[in-house]
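Colleague:
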Amino acid sequence: METLVGDEIPRSLRRPGLDMIFAVTDTDGSTYYLESDIEALQLLIELDEKERKALED
Numbered sequence: 001m002e003t004l005v006g007d008e009i010p011r012s013l014r015r016p017g018l019d020m021i022f023a024v025t026d027t028d029g030s031t032y033y034l035e036s037d038i039e040a041l042q043l044l045i046e047l048d049e050k051e052r053k054a055l056e057d
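When we follow the UniProt record's numbering, the leftmost residue of the sequence shown carries the number 1, and every step to the right adds one.
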């Protein structure tokens, strides 16, 4: 999980009042942008669990 601020926030996501966004990247390279740190952590845990299950199979 990475915290993006200011100019680090992708232009397509910028808007007034948005000072910080959280980027979560999965093992496939897809990046998800979330405004809530709690939601970003939940997604990170979910992706980690999916990866662990895939490794077990």
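Note that the Cβ used here is the ideal one computed from N, Cα and C, for glycine as well.
Here the structure is a predicted model, which means the values were calculated and not measured.
So residue 33 packs on residue 13, CB below 8 Å; how close in whole Å?
Modeller: 6 Å
Colleague: Near residue 5, which residues of its chain fall below 7 Å by C-beta distance, leaving aside the five closest residues on each side in sequence?
Modeller: 19, 20
Colleague: Can you tell me where the alpha helix (DSSP H) holding residue 49 begins and where it ends?
Modeller: 37-56
Colleague: For the beta strand (DSSP E) that contains residue 21, what are its first and last residues?
Modeller: Segment 20-25, the beta strand (DSSP E) holding residue 21.
Colleague: In or out: residue 40 buried (at least 16 other Cβ within 10 Å) or exposed?
Modeller: buried
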